[in-house]
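Numbering (the working numbering), first residue to last: 3 to 170. For every residue, glycine included, the Cβ atom is placed at its ideal position computed from N, Cα and C.
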Amino acid sequence: MDPYDNVVGGRLKLRKKVKKVCKSELQNDSGTTLQRTTGSGRIVSSGNTVQGFETKFMDEAQSGDFIIIRHPQTHVEEEQKIIYIMSQRSLNIANPFSSDLITTTNFYIGKPVTTTPGEQVFGKSKVKMRQKAGIWSYKTITKEVTRPLTAEERLDERTKLGRDKYCW
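So, in structure tokens, the structure goes:
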């Protein structure tokens, strides 16, 4: 039994003329061309939050990419911009889908096509941590990070340093 069968009402949706699009490339609303890849796992959504089952968001997507689904209720392809990737299993999108996904759904990740390879270079950010050096003194350790750390990785770094107010 499909949970979407019990839904009654909604706006009248008229058929639109659909242009044929190459399966590997898709053009979003702003006019930029996207390279479409199949995402691993399946997703559900609630508002602006997308939760994944057996997904690898940190490896497959970045902020600024698009998440593309074929909605199981309306059978319309929808795409939303990824704002922030929280972990391998959750991310935030700019606007919610037309309705929440209550069953797991396959998805695609659309990456903007760059004209030259290697055009997008990620900068290194520096993270400063304070470590006790003696009885009365502390020393500051500066670490270079090439990608944003997840909450779990930040917690692991704090446990390596010893006790703090969040981890002891």
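{"query": "State buried or exposed for Ile69, treating a residue as buried only when at least 16 other CB atoms are found within 10 Å of its CB.", "result": "buried"}
{"query": "Under the rule that 16 or more other beta-carbon atoms within 10 Å means buried, what is Arg132, buried or exposed?", "result": "exposed"}
{"query": "Following the continuous alpha helix (DSSP H) through Arg160, name the residue where it begins and the one where it ends.", "result": "153-163"}
{"query": "Determine whether the beta carbon atoms of Asn108 and Arg156 lie at a separation below 8 Å.", "result": "no"}
{"query": "Quick check on this structure: which residue in Gln75, Arg38, Ser101, Thr106 has the alpha carbon closest to the alpha carbon of Gly49?", "result": "Ser101"}
{"query": "Going by CA-CA distance only, name the one from Lys162, Thr105, Glu154, Ile84 that's closest to Pro98.", "result": "Ile84"}
{"query": "Do the region 53-65 and the region 78-96 touch if we need at least three Cβ pairs shorter than 8 Å?", "result": "yes"}
{"query": "Tell me the residue span of the beta strand (DSSP E) that contains Met88.", "result": "From DSSP, Met88 is part of no beta strand (DSSP E); its letter is neither H nor E."}
{"query": "DSSP three-state call for Glu62: helix, strand or coil?", "result": "helix"}
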